[in-house]
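**Student:** Residue numbers (the numbering used here): 4 to 75.
The structure that follows is given in the form of structure tokens.
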């Protein structure tokens, strides 16, 4: 989870710094992050943690543009 949090945050930061674009490597990292968060969300039971992970996933999906196969 620490890696997912840092990876998504780093990609979002890069996206903001670049005016809304990402290189292919960061797009791949975000897609992997969405898949990882999907798994994490399937096993978390603490409400506060669920909210945080859902929001982190939503952020990744928004940066991906919502058109990723893993975005939905």
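Even glycine gets a Cβ: it sits at the ideal position worked out from N, Cα and C.
Suppose only complete runs of 4+ residues qualify. What are the alpha helix (DSSP H) ranges in the stretch 21–54, listed by chain order?
**Tutor:** Correct list: 27–46.
**Student:** Leaving out the 5 sequence neighbours to the left and right, which residues in its chain are closer than 6 Å to residue 63 when beta-carbon positions are compared?
**Tutor:** Answer for residue 63: 11, 33, 36, 37, listed in chain order.
**Student:** For residue 70, does the count of other Cβ atoms within 10 angstroms reach 16, so buried, or fall short, so exposed?
**Tutor:** Caution is warranted here: a pLDDT of 48 is assigned to residue 70, below 50, making its placement in the model unreliable, and the coordinate value is therefore given only provisionally. So residue 70 counts as exposed.
**Student:** Within the same chain, show all residues whose beta-carbon is closer than 6 Å to that of residue 18, passing over the 5 residues directly before and after it, in chain order.
**Tutor:** Excluding sequence neighbours, residue 18 sits near 25, 66.
**Student:** Does residue 68 come out as helix, strand or coil in the three-state DSSP assignment?
**Tutor:** Looking at residue 68 - three-state DSSP - the assignment turns out to be coil, as it is neither helix nor strand.
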